[in-house]
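In the numbering used here, the protein residues as written are 169 to 541.
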């Protein structure tokens, strides 16, 4: 047999194998899409807070199993995983086997904004990942610049070139400041095309199918505008099946939709008090319309929406339970006031609290909202 004939036969065999596999992959993709559609239709976006809002302690890290203290020196072992985005981060395994995400960098506003935003949303009953402030992280096997090394490896697949040789677990790198991220509990519901959900998809949630009410969905929309959550691409929101909700065949009886990446908040350039303060909640107060078109990406996946009166009242009722003392603790413990690249004014919690309360007033004074379509 000639070399050309052999190559032809090999290519034909490969094409046949691929074609045989294609229907299977298509069926799997179709099933995943169907399960995601079903879950989104019946998804909840809010649940009663575990702790009464007025009693939430914002001065420390989230409580619960495997909680971390702000003065912890954390030891972990570097894990070679894929990475994405622009925030310096890497995954690391703790001595007990727990795999966590480490975010680091003194000039990284997301280390502060995301801690504050996740704690706030959790306290109000909206889902969020758990973010822990720690003193420092000692990472065995980490290169000096792990995020850059991981991005290089993702692009090239050349471990030795990107990590200056094999990973050396006998060598450690220390990172300070850092925050530790643990994912919100629940199995991810996703497809190859949709790793998360876009804000325009919230219209598909159906209370008749067990999904959240219009008031709850509108309260979440209004909360996103309140925080200026402008980097709202679908990958930054997550759909999960809460523990105990899995059913045979991959379905879910307890789907929950929440924001998973809240680093780009509190202003159009992240942790930007002057512009966050100047950004109004309402694009049109008379119709209770909200918009993010004036923010980076022109609103991204967040379309203009008219908020229902029930949604406005719901979020007002949640936010008004927060005391000034709690808000002071929120901005202090999340180290918002310690970020190196903010102005002198914002190194006190007081102006942050004032801006926060002013936004609550805008929502409270915005009603009654006309009947939304």
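Where a beta carbon is used, it is the ideal one built from N, C-alpha and C, also for glycine.
According to DSSP, residue pairing for residue 343 in a beta bridge involves 305. Residue pairing by DSSP places residue 356 opposite 408 in a beta bridge. Counting C-beta atoms within 10 angstroms of its own C-beta, residue 483 has 16 or more neighbours from the protein chains shown and is therefore classed as buried. Between the beta-carbon of residue 443 and that of residue 435 there is about 5 Å, and that keeps the pair under the 8 Å contact cut.
Out of 474, 404, 244, the CA that lies nearest to the CA of residue 351 is found in 404.
By the beta-carbon neighbour count (other beta carbons within 10 angstroms, threshold 16), residue 508 is exposed.
Here residue 317 has 311, 330, 331 as same chain residues with Cβ atoms under 7 Å from its own Cβ, once five neighbours each way along the sequence are excluded. Here residue 285 really is in contact with residue 433; their C-beta atoms are around 5 Å apart, less than 8 Å. Under the rule that a run must span 3 or more residues, the beta strand (DSSP E) segments found entirely inside the segment 271 to 330 read 298 to 302, 304 to 308. Within the segment 415 to 493, the complete alpha helix (DSSP H) segments of 4 residues or longer fall at 441 to 446, 477 to 487, listed in chain order.
Note that the C-beta distance between residue 222 and residue 492 is not below 8 Å.
Closest by C-alpha distance to residue 220, out of 290, 459, 211, 455, is 290. Nearest C-alpha to residue 262 among 254, 305, 227: 305. Proximity of the segment 530 to 540 to the segment 332 to 341 falls short of the contact definition, fewer than three beta-carbon pairs being nearer than 8 Å. Per DSSP, residue 394 lies in no beta strand (DSSP E); the unbroken alpha helix (DSSP H) holding it starts and ends at 382 to 395.
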